[in-house]
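Visitor: Handing you this structure, nothing more for now.
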Amino acid sequence: MQNEVRQTRGATARPSCPVAVLSYHQTATPPRRGTPVRSLVLPPWRFALQLRTLKLLGWQGLSMRDLEPYLHGEKTGKVFGITLDDGYLNNLENALPVLRELGFTATAFIVSGQVGGTNAWDHPVGAPAVPLMDVDDLRTWLDAGMEIGAHTRNHVNLCATDEVVAREEIAGSKHDLEQLLGIEVRSFCYPYGEHRAEHADMVRQAGYATATAIVSSRTRAGDDLMRLPRISVHLYDKLPSFLARVTTDYEDWRMRQWNTQPTSRGYYLLGGEGPHASAH
Ligand SMILES: [Zn+2]
Numbered sequence: 089m090q091n092e093v094r095q096t097r098g099a100t101a102r103p104s105c106p107v108a109v110l111s112y113h114q115t116a117t118p119p120r121r122g123t124p125v126r127s128l129v130l131p132p133w134r135f136a137l138q139l140r141t142l143k144l145l146g147w148q149g150l151s152m153r154d155l156e157p158y159l160h161g162e163k164t165g166k167v168f169g170i171t172l173d174d175g176y177l178n179n180l181e182n183a184l185p186v187l188r189e190l191g192f193t194a195t196a197f198i199v200s201g202q203v204g205g206t207n208a209w210d211h212p213v214g215a216p217a218v219p220l221m222d223v224d225d226l227r228t229w230l231d232a233g234m235e236i237g238a239h240t241r242n243h244v245n246l247c248a249t250d251e252v253v254a255r256e257e258i259a260g261s262k263h264d265l266e267q268l269l270g271i272e273v274r275s276f277c278y279p280y281g282e283h284r285a286e287h288a289d290m291v292r293q294a295g296y297a298t299a300t301a302i303v304s305s306r307t308r309a310g311d312d313l314m315r316l317p318r319i320s321v322h323l324y325d326k327l328p329s330f331l332a333r334v335t336t337d338y339e340d341w342r343m344r345q346w347n348t349q350p351t352s353r354g355y356y357l358l359g360g361e362g363p364h365a366s367a368h
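Using my numbering, read the sequence shown as starting at 89 and increasing by one per residue.
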């Protein structure tokens, strides 16, 4: 694993300063306590407070597409990435107005087999069904200057599927969304963050420009563009720690305090919680 990480880093991504890429899920009133994956539902006021504060401090939130020049080291500045996983309709209603108000862009990672559907992959763990954006909603999202990325066809754990299925899920979701919307899909996100080196190769071969995982850190020079780290934002994240996670190396320190698994670069995978506890 560690050798794999070393080998796949280094070729293309050259951000000259660390860049945080945030992972959000839902922006809505959280369900009652004890509901599975509740921690991934952010009240709209908290989402707005986080982004408005960063804006006041001079930071610019960007989609993965708009972040590319910074990841390549062609541009520098106080920027961070905004990604919203799974394509929840509540993000169109609650997150989009805030993004527009601030002049930020963001990437919604869409499960191409569930456009207009629900988070069916969460149902086995008892999570409530939540509507996802349909085609018209996705067009509204695009018309506002936001980006659509791919999140497989069926929200599969790539590490639990065979190579043929994994390749179909990765390349097929890009093809489906491009055909459906008449756009180029440049950004990919691994469901549950789960992937191996061969999946990163499949993503590269499918023609994506970037892919994001869940290693909780800011991205730095030398990171593989097909395995970019992301910082998950949760319901109980307080504003000071949120700001520190985006603008400093606080997240690396924070991860070291957890009983988690070290990687070759000295920061830590979110192990032990299970995929549904931390991120999708
Ligand atoms: Zn997901």
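In this text, a Cβ means the ideal position worked out from N, Cα and C, and glycines have one as well.
1) Express the C-alpha separation of Q114 and H39 in angstroms, rounding to a whole number.
2) Which two residues bound the contiguous alpha helix (DSSP H) that contains T335?
3) Taking G161 as the reference, give the member of L313, L327 and Y338 with the closest Cα.
4) Does the beta-carbon of G169 have 16 or more other beta-carbons within 10 angstroms, so that it is buried, or is it exposed?
5) Quick check on the burial criterion: 16 or more other C-beta atoms within 10 angstroms. Buried or exposed for K262?
6) For I271, which three-state DSSP category applies?
7) Kindly identify the DSSP beta-bridge partner or partners of E236.
8) Looking at T307 and V109, is the spacing between their C-beta atoms short of 8 Å?
9) Quick check on the DSSP output: the beta strand (DSSP E) that includes A285 runs from which residue to which?
10) Between S320, L246, P317 and S151, which has its C-alpha nearest E286's C-alpha?
11) For the pair the region 191-210 and the region 138-157, tell me if three or more CB-CB distances fall below 8 Å.
12) So for L323, helix, strand or coil by DSSP?
13) Name the residue from P216, V252, P328 and T117 whose alpha carbon lies nearest to the alpha carbon of L145.
14) May I ask you to verify whether the region 266-285 touches the region 225-238, counting CB pairs closer than 8 Å and requiring at least 3?
15) Would you kindly work out how many angstroms separate the C-alpha atoms of N35 and D225, rounded to a whole number?
16) Whose C-alpha, out of A297, R342, T141 and V223, is nearest the C-alpha of I319?
17) Pick helix, strand or coil for T123, following the three-state DSSP scheme.
18) Straight-line CA distance for P219 to P317?
19) By the 10 Å Cβ neighbour count, where 16 or more other Cβ atoms means buried, how is T164 classified, buried or exposed?
20) Who are the near neighbours of L155 in its chain, counting only those whose CB is closer than 6 Å to its CB and skipping five residues on each side?
21) According to DSSP, which residues form a beta bridge with C277?
Guide: According to the structure data:
1) Given that the chain is displayed from residue 89 to residue 368, the structure contains no residue 39 and the question cannot be resolved.
2) Here residue 335 refers to the residue found at position 247 when the sequence shown is read from its first residue. For T335, the enclosing alpha helix (DSSP H) covers residues L327 to T335.
3) The residue labelled residue 161 in the question sits at position 73 within the sequence shown. For G161, the closest of L313, L327 and Y338 by C-alpha to C-alpha distance is L313.
4) For the purposes of this step, residue 169 is taken as residue 81 along the sequence shown, with counting starting at 1. With 16 or more other Cβ atoms from the protein chains shown falling within 10 Å of its own Cβ, G169 counts as buried.
5) In the sequence shown, residue 262 corresponds to position 174, counting from 1. Label assigned to K262: buried.
6) Start at 1 with the first residue of the sequence shown, and residue 271 comes out as number 183. Correct three-state label for I271: coil.
7) The sequence position of residue 236 within the sequence shown is 148, counting from 1. Note that residue 236 corresponds to Ile in the displayed sequence, not to Glu. DSSP links I236 through a beta bridge to A196.
8) What you label residue 109 is simply residue 21 of the sequence shown in a count that begins at 1. What you label residue 307 is simply residue 219 of the sequence shown in a count that begins at 1. Using a Cβ distance threshold of 8 Å, V109 and T307 count as a contacting pair.
9) Taking the sequence shown and counting its residues from 1, one reaches residue 285 at position 197. Element bounds for A285: not the beta strand (DSSP E) but the alpha helix (DSSP H), A285 to Q293.
10) In the sequence shown, residue 286 corresponds to position 198, counting from 1. It is L246 whose Cα lies nearest to the Cα of E286.
11) Because the criterion of three Cβ pairs below 8 Å is met, the region 191-210 and the region 138-157 touch.
12) Working through the sequence shown from its first residue, we reach residue 323 at position 235. Of the three classes helix, strand and coil, the one that applies to L323 here is coil, per DSSP.
13) Within the sequence shown, residue 145 is the residue found at index 57, counting from 1. Nearest Cα to L145 within the set P216, V252, P328 and T117: P328.
14) Yes, since at least three Cβ pairs between the region 266-285 and the region 225-238 fall closer than 8 Å, the two stretches touch.
15) Outside the modelled stretch of the chain, which goes from 89 to 368, sits residue 35, for which no answer is possible.
16) Here residue 319 is taken as the residue at index 231 of the sequence shown, counted from 1. Comparing Cα positions, the closest option is R342.
17) Mapped onto the sequence shown, residue 123 falls at position 35. Looking at T123 - three-state DSSP - the assignment turns out to be coil, as it is neither helix nor strand.
18) Start at 1 with the first residue of the sequence shown, and residue 219 comes out as number 131. Start at 1 with the first residue of the sequence shown, and residue 317 comes out as number 229. Cα to Cα, the separation comes out at about 27 Å.
19) Locating residue 164 in the sequence shown gives position 76, counting from the first residue. Counting every other CB atom within 10 Å of its CB across the protein chains shown gives T164 a total below 16, marking it as exposed.
20) Here residue 155 refers to the residue found at position 67 when the sequence shown is read from its first residue. Excluding sequence neighbours, L155 sits near G169.
21) Along the sequence shown, one-based indexing puts residue 277 at 189. Under DSSP, C277 forms a beta bridge with T300.
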